[in-house]
Amino acid sequence: MDNCTCDQVICQGPGLLAADFQYRHQLHAAEEAGSKKRRRSADVGHMLRLLIVLVSKLEGDAPVVLDYATEAQNHDTDEETLRARVAWLVEHRYLALDGNVNGVARLWVNPSVAFRPGKTDPRVAAARHRFPYITADDKGMAADQPVHVAEYDDRGWEQVYQLNAAQFEAPPRFAFGCPLHHEAGACQ
């Protein structure tokens, strides 16, 4: 398959993996504290999968629309569980909830998770909801604190932009087709 030449390039940030790390770390801490409401193994990977689905719906500098009933079915779970996962992501500032009407939510994605280069300036997107810059620790889940959160700071986001300007302005393409169009065969 040739390199994807469509316009669906998405810059993935460290917050994508950090969300999954933070969620698993909290589940493990709850288990050790004796609160075994859920089995950790049943929840591993769900936050990462949910964020990937949301990120794949990014369209420029706009919120993502999530239909809870449809996505719950796609994730083989119930709406209540999906709503709880989205609420966790909002609470931990990986997402910002813009509205929720008739089971459809409008969600803004923290640019430290992902954004559309050339269509979204991560500095502006971060400022809109005062999103923090979220990173995973270099040691991953082996670290005592696997996620680091730098509270919103316009100078900090400017520094992130300058350090990554080449990627933001001319991002690499997927070598085997983009995840949005691969199944439809549009990137072949």
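According to my numbering, the stretch in the sequence shown is residues 8 to 195, in order.
Don't be surprised by glycine CBs; every beta carbon is placed ideally from N, CA and C.
Tell me whether the beta-carbon of residue i lies closer than 8 angstroms to the beta-carbon of residue j.
i    : j    : result
G110 : D74  : yes
P118 : F138 : yes
H136 : W115 : yes
Y101 : V120 : yes
H91  : L104 : Position check: residue 91 holds Ala in this sequence, whereas His was assumed. Cβ distance not < 8 angstroms, so A91 and L104 don't count as in contact.
Taking the alpha helix (DSSP H) that residue i falls in, what are its first and last residues?
i    : result
D151 : That residue, D151, is in no alpha helix (DSSP H); it is neither H nor E in DSSP.
T142 : Premise fails: T142 lies in the beta strand (DSSP E), Y140 to A143, not in any alpha helix (DSSP H).
G22  : P21 to E39
To the nearest angstrom, report how far apart residue i and residue j are at their CA atoms.
i    : j    : result
G67  : W95  : 24 angstroms
G147 : P153 : 5 angstroms
A133 : D83  : 32 angstroms
D85  : T77  : 10 angstroms
A173 : H99  : 29 angstroms
Y168 : E38  : 38 angstroms
R47  : H35  : Note on R47: pLDDT 46, under 50, position unreliable in the model; the coordinate value appears next. C-alpha separation (whole angstroms): 7 angstroms.
Does the beta-carbon of residue i have 16 or more other beta-carbons within 10 angstroms, so that it is buried, or is it exposed?
i    : result
R162 : exposed
L170 : exposed
V131 : exposed
V108 : exposed
R56  : exposed
ask   = Considering only residues of the stretch 67-125, which uninterrupted beta strand (DSSP E) runs meet the minimum length of 3 residues and lie entirely inside it, listed in chain order?
value = Here the runs fully enclosed are 71-74, 102-108 and 111-116.
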